[in-house]
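Student: In terms of numbering that gives the first Met the number 0, the sequence shown is numbered consecutively and its last residue is 473.
Positions of the beta carbon are idealized from the N, C-alpha and C atoms, including for glycine.
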Amino acid sequence: MSFTYRMLINGEWVGSGVTKAVLNPYNQEVIGDLPIASEAQVDQAIAAADRSREVMAELPAHQRAAILEQTAVLIARRREEMVLEIIREAGKARKWATVEVNRALENLKFAAEEAKRIHGETVPMDASVGSENRIGFWIRVPAGVVAAISPFNFPLNLVVHKVAPAIAAGNPVVLKPASNTPGAAQLLGECLLKAGLPSSALNIVYGGGSTVGEMLVKDERVAKVTFTGSPPVGRRIKALSGLKKVTLELGSNSGTIVDAGADLDLAVSRCTMGSFAYSGQVCIAVQRIYLDEKIADEFETKFLEATGKLVVGNPIDADTDVGPMISAAEAERVETWVKEALSQGARLLTGGQRDGNIMQPTVLTDVLPEMAVMCQEVFAPVVSLVRYKSFDEALRMLDDSVFGLQAGIFTRDIHKAFEAVKRINVGGVMINDVPTFRVDHMPYGGNKESGIGREGPRFAIEEMTNLKMVCINL
Ligand code: NAP
């Protein structure tokens with residue numbers, strides 16, 4: 000079954016003279032031909048968004064909320080179609096593709112609710128000598144055209160994380176989804192228009208990041224760039240975006256500590272999910288597990304047992320836990336990293352083999368901090384176990400990273416939990432859970448190489464609005 004890809008420009012679904020095949024990463028079948036936007040089409044998309052700024056800014060909050068709520072209803076009706084599109088474009092196992100669609104529905108509702116809560120505050124003007132007879136307050140106003148650039152790994156929910164708050168805040172959008180997983184964004188666009196979004200307020204363009212993406216980032220009509228993707232691209236986008244507001248949601252090499260006395264069964268089951276769900280291609284996947292040496296043997300045995308039970312294979316099957324990686328190049332890269340670690344003294348506890356685009360769930364130990372599998376973002380089903388003697392040492396090792404997205408701590412000791420909260424430089428600390436835990440309304444984002452700004456509808460809305468101060472001289 001093929002998919003007809005169309006861009007959405009100025010309210011029309013259009014193709015283009017140049018196309019690129021979208022492939023199923025599991026079996027290499029061609030899903031459809033993706034139209035690649037010409038420079039003129041990107042310009043038309045930005046112009047259409049720019050023209051609809053006023054219409055969007057004047058839509059009352061209840062109407063913006065209703066559009067987002069209705070979009071959730073329409074997506075729920077097309078749930079299976081969405082799930083299938085994610086499975087075949089992203090190679091995401093059915094169970095995780097279903098979770099993604101369900102999260103996207105909830106996320107749209109969170110954004111709808113937030114649309115009704117965008118407000119300012121009064122300022123006590125009489126605190127300043129000479130301003131006793133003034134009244135002051137600030138309001139939040141839409142920032143303007145939002146350029147949204149999204150990655151391949153959550154082709155629906157990470158698009159919702161950008162488009163829904165933009166609409167909730169009264170902004171028009173130009174969206175460029177990842178070139179290998181554009182289908183869910185297109186289906187979302189269809190639902191948003193059907194739900195009543197003014198037709199030129201959402202524009203979707205396809206094409207390469209370094210061409211179409213960079214045109215969006217540089218264009219002066221764009222007020223706000225919201226990007227999720229890899230750190231090098233994030234750096235480039237920040238450098239190119241001039242004075243625009245920029246949110247960057249980037250990668251990580253997230254770590255988890257398992258303290259002696261923690262609930263080991265919980266830690267094992269959460270670490271198994273966190274390390275291998277969607278073949279580890281999750282920005283908050285568990286990449287480094289630090290184990291108190293007192294429980295390390297027991298954890299290792301149970302973790303390897305749980306890893307051995309994972310079903311690896313066709314993502315369309317309901318039982319599959321681990322499907323393919325997004326491309327042959329990515330699977331080959333990670334295989335090389337594992338071989339390199341082994342040649343530098345790491346020990347393979349399980350996995351290590353690659354079959355086409357499928358990398359077996361892989362567990363390493365005896366790793367060194369400078370190995371690529373430890374210090375870079377592995378973004379694959381590969382996790383390393385490291386033993387520690389003291390909790391202090393574990394915190395230092397966990398925090399010794401250029402990244403800082405989320406961290407997990409399994410402990411029953413509240414003092415250790417708070418010590419971790421205080422000392423680890425990350426955007427989120429999950430106590431008795433893996434860094435992979437996220438619900439969509441919490442503030443989410445990273446420090447250091449993991450980015451700037453926060454998502455989650457309330458926080459994204461803050462970043463997609465400007466404060467406007469009003470002073471009345473009585
Ligand atoms: P990527 O290669 O950085 O691409 C992300 C998006 O940026 C794609 O739409 C891509 O277009 C576009 N792009 C590439 N180069 C660009 C440029 N020079 N200017 C503008 N846009 C450009 O990332 P990915 O491989 O899709 O996703 C994996 C990365 O995303 C990982 O590092 C992961 O940790 C991160 N991520 C972070 C979060 C978070 O919330 N912190 C969530 C998910 C993923 P093309 O597809 O056409 O190349």
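How should Leu107 be labelled, buried or exposed, when 16 other C-beta atoms within 10 angstroms of its C-beta is the threshold for buried?
Tutor: Per the 10 Å Cβ criterion, buried.
Student: Compute the Euclidean distance between the alpha carbons of His160 and Val204, then round it to the nearest angstrom.
Tutor: So the two alpha carbons sit approximately 18 Å from each other.
Student: Just to confirm my understanding: we take Trp137, look at its own chain, exclude 5 residues before and 5 after, and list those with CB closer than 8 Å. What are they?
Tutor: Contacts found: Gly119, Glu120, Val122, Leu466, Lys467, Met468 and Val469.
Student: Within 7 Å: the Cβ of Ala177 and any heavy atom of ligand 1?
Tutor: Yes - ligand 1 has a heavy atom lying nearer than 7 Å to the Cβ of Ala177.
Student: May I ask which residues mark the beginning and end of the alpha helix (DSSP H) holding Leu215?
Tutor: Looking at the DSSP string, the run of the alpha helix (DSSP H) that includes Leu215 is Glu213 to Lys217.
Student: Considering only C-alpha positions, which residue in the set Ile134, Asp262, Pro197 and Gln343 is nearest to Met373?
Tutor: Considering only alpha carbons, the answer is Gln343.
Student: From which residue to which residue does the beta strand (DSSP E) around Glu11 run?
Tutor: Glu11 to Val13 is the span of the beta strand (DSSP E), which, as asked, contains Glu11.
Student: Under 7 Å: does the beta carbon of Thr18 sit that close to some heavy atom of ligand 1?
Tutor: Incorrect: Thr18 has no Cβ contact closer than 7 Å to ligand 1.
Student: With a threshold of 7 Å, establish whether the CB of Val216 neighbours any heavy atom of ligand 1.
Tutor: Because some heavy atom of ligand 1 lies under 7 Å away, the Cβ of Val216 counts as near it: yes.
Student: Say the cut is 7 Å; is the CB of Leu157 nearer than that to a heavy atom of ligand 3?
Tutor: Of the ligands this structure carries, namely ligand 1, none is ligand 3.
Student: Reducing DSSP to helix, strand and coil, say where Gly233 ends up.
Tutor: In the structure shown, Gly233 sits in a helix (DSSP, three-state: H, G or I).
Student: Roughly how many angstroms separate the alpha carbons of Glu454 and Val144, rounded to a whole number?
Tutor: Distance between the alpha carbons of Glu454 and Val144: 18 Å.
Student: Roughly how many angstroms separate the alpha carbons of Ile423 and Glu448, rounded to a whole number?
Tutor: Approximately 14 Å, taken between the alpha carbons.
Student: Quick check on the DSSP output: the beta strand (DSSP E) that includes Lys223 runs from which residue to which?
Tutor: It spans Val221 to Thr227 - the beta strand (DSSP E) in which Lys223 sits, taken as one unbroken run.
Student: Between Leu404 and ligand 1, is there a pair consisting of the residue's CB and a ligand heavy atom that are separated by less than 7 Å?
Tutor: Because some heavy atom of ligand 1 lies under 7 Å away, the Cβ of Leu404 counts as near it: yes.
Student: Tell me whether Ile86 is buried or exposed, calling it buried when 16 or more other Cβ atoms sit within 10 Å of its Cβ.
Tutor: Counting Cβ neighbours within 10 Å, Ile86 comes out buried, since at least 16 surround it.
Student: What does the alpha-carbon distance come out to for the pair Gly195 and Asn156?
Tutor: In a straight line, the C-alpha of Gly195 is about 20 Å away from that of Asn156.
Student: So, are the CB atoms of Pro341 and Thr364 less than 8 Å apart?
Tutor: The amino acid at residue 341 is misidentified as Pro; the sequence shows Leu. Going by C-beta atoms, Leu341 is not nearer than 8 Å to Thr364.
Student: Taking Cβ to Cβ, would you say Val433 is nearer than 8 Å to Thr255?
Tutor: Yes; because the gap between Cβ atoms is below 8 Å, this pair is in contact.
Student: In the stretch 156-192, which residue ranges form an unbroken alpha helix (DSSP H) of at least 4 residues, counting only runs that do not cross its ends?
Tutor: List check, alpha helix (DSSP H) in window: 156-167.
Student: Using a Cβ-Cβ cutoff of less than 6 Å, which residues in the same chain neighbour Ala44 once the five nearest sequence positions on both sides are dropped?
Tutor: Within the same chain, Ala44 has close Cβ partners Ile8, Val173, Asn202 and Val204.
Student: Is Asn202 a contact residue of ligand 1, with contact defined as CB to any heavy atom under 7 Å?
Tutor: The answer is no for Asn202.
Student: Using DSSP with H/G/I as helix, E/B as strand and the rest coil, what is Cys282?
Tutor: Coil.
Student: Does DSSP classify Gly450 as helix, strand or coil?
Tutor: Of the three classes helix, strand and coil, the one that applies to Gly450 here is strand, per DSSP.
Student: Could you pull the start and end residues of the beta strand (DSSP E) that Ser346 belongs to?
Tutor: It should be pointed out that residue 346 corresponds to Arg in this sequence rather than to Ser. Residues Arg346 to Thr349.
Student: Quick one: is Phe417 buried, meaning 16 or more other Cβ sit within 10 Å of its Cβ, or exposed?
Tutor: Answer is exposed; the Cβ neighbour count stays below 16.
Student: Measure the beta-carbon distance from Glu292 to Tyr387 and round it to whole angstroms, keeping in mind my assumption that it falls under 8 Å.
Tutor: Glu292 to Tyr387, Cβ: 7 Å. Contact.
Student: When burial is assigned at 16 or more other CB atoms within 10 Å of the CB, is Ile471 buried or exposed?
Tutor: Looking at its Cβ environment, which holds fewer than 16 other Cβ atoms inside 10 Å, Ile471 is exposed.
Student: What whole-angstrom Cβ distance do Thr410 and Val381 have, given they're in contact under 8 Å?
Tutor: With a Cβ gap of about 25 Å, Thr410 and Val381 do not count as contacting.
Student: Between Arg287 and Val385, is the Cβ-Cβ spacing less than 8 Å?
Tutor: It is a contact, given that the beta carbons lie within the stated cut-off.
Student: Could you check which residue in Met55, Ile66 and Val100 has the C-alpha nearest to that of Arg77?
Tutor: Here the closest residue by C-alpha is Val100.
Student: What three-state label does DSSP hand Asn152 in the structure shown?
Tutor: DSSP places Asn152 in coil when its eight states are reduced to three.
Student: If you reduce the DSSP assignment to three classes, tell me which class Pro141 lands in.
Tutor: Of the three classes helix, strand and coil, the one that applies to Pro141 here is strand, per DSSP.
Student: Could you check whether the Cβ of Thr227 sits closer than 7 Å to any heavy atom belonging to ligand 1?
Tutor: Yes, ligand 1 has a heavy atom inside 7 Å of this Cβ.
Student: Nearer than 7 Å: is that true of the beta carbon of Phe378 relative to any heavy atom of ligand 1?
Tutor: Indeed, a heavy atom of ligand 1 lies less than 7 Å from the Cβ.
Student: Return the chain-ordered ranges of every beta strand (DSSP E) run that is complete within the stretch 396-453 and spans a minimum of 3 residues.
Tutor: Listed in chain order, they are 405-409 and 427-430.
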